[in-house]
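These notes concern the structure reproduced below.
Right, here's the structure in full:
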């Protein structure tokens with residue numbers, strides 16, 4: 051079982067920055083692989099950044115602007131978001147899966163990011 055708690059969302063002007071945090075807890079949290087997803091109003095949820103096979107993958111729309119990092123001592127992942135655009139607005143979710151599986155089975159409650167133009 052893994053519990054995920056996101057924080058760091060808010061309102062920011064276009065061009066600004068935010069850093070999201072996702073703290074993982076639970077008996078198997080340290081062995082889980084974490085990722086960030088987002089869901090914009092009226093759109094389907096999409097992958098933003100994920101770790102797989104030791105590499106980090108980003109959605110094309112955020113490459114060069116977003117950076118995913120992990121502090122293993124704290125079981126926490128971060129999403130540093132720079133040069134934010136209005137189209138980055140949405141609810142950002144942290145999710146966890148285990149190695150050997152492609153399915154994310156644990157999800158956080160989400161944190162709202164709003165970028166004003």
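Residue numbers (my numbering): 51 to 167.
The C-beta atom is built at its ideal place from N, Cα and C for all residues, glycine as well.
key: Own chain partners of residue 89 with C-beta closer than 6 Å, once the 5 adjacent residues on each side are dropped   = Walking along the chain shown from the start, residue 89 turns up at place 39. Cβ neighbours of residue 89 beyond the five flanking positions: 95, 140 and 141.
ask   = Should residue 107 be counted as a contact of the ligand ATP given a C-beta to heavy atom distance under 6 Å?
value = Among the components of this structure there are no ligands whatsoever, and the ligand ATP is therefore not found.
ask   = From 68, 54 and 107, pick the residue whose C-alpha is nearest to that of residue 165; which is it?
value = For the purposes of this step, residue 165 is taken as residue 115 along the chain shown, with counting starting at 1. Among 68, 54 and 107, the Cα nearest to that of residue 165 belongs to 68.
inquiry  = Given this structure, state the Cα-to-Cα distance separating residue 109 from residue 120, to the nearest angstrom.
reply    = The residue given as residue 109 occupies position 59 in the chain shown. The residue given as residue 120 occupies position 70 in the chain shown. Cα atoms of residue 109 and residue 120: separation of roughly 18 Å, rounded to the nearest angstrom.
ask   = Using the beta-carbon count (16 or more within 10 Å), is residue 137 buried or exposed?
value = Indexing the chain shown from 1 puts residue 137 at position 87. Exposed is the call here.
ask   = Along the chain, which unbroken stretches of the beta strand (DSSP E) at least 3 residues long are found entirely within the region 101-138?
value = Complete beta strand (DSSP E) runs here, min 3: 105-108, 116-121 and 126-131.
message = Which of the three DSSP states is assigned to residue 97 in this structure?
response = Position 47 of the chain shown holds residue 97. Three-state DSSP puts residue 97 in a strand.
request  = Ignore the nearest five residues each way along the sequence and tell me which others in residue 59's own chain have a CB closer than 6 Å to its CB.
outcome  = What you label residue 59 is simply residue 9 of the chain shown in a count that begins at 1. The residues 161, 162 and 163, in chain order, have a CB closer than 6 Å to that of residue 59 in the same chain once the five nearest residues on each side in sequence are set aside.
key: Host beta strand (DSSP E) of residue 10 (start-end)   = As displayed, the chain neither begins before 51 nor continues past 167, which places residue 10 out of reach and without an answer.
Whole-angstrom C-beta distance between residue 99 and residue 118, which should lie under 8 Å = Locating residue 118 in the chain shown gives position 68, counting from the first residue. Locating residue 99 in the chain shown gives position 49, counting from the first residue. Right, the Cβ-Cβ distance comes to about 4 Å (below 8 Å), so this counts as a contact.
ask   = In terms of residue numbering, what span does the beta strand (DSSP E) encompassing residue 168 cover?
value = Coverage of the chain is limited to positions 51 through 167, which leaves residue 168 absent and any answer about it impossible.
key: residue 154 and residue 52 closer than 7 Å at C-beta   = For the purposes of this step, residue 154 is taken as residue 104 along the chain shown, with counting starting at 1. For the purposes of this step, residue 52 is taken as residue 2 along the chain shown, with counting starting at 1. Taking a C-beta distance under 7 Å as the contact criterion, residue 154 and residue 52 do not qualify as a contact pair.
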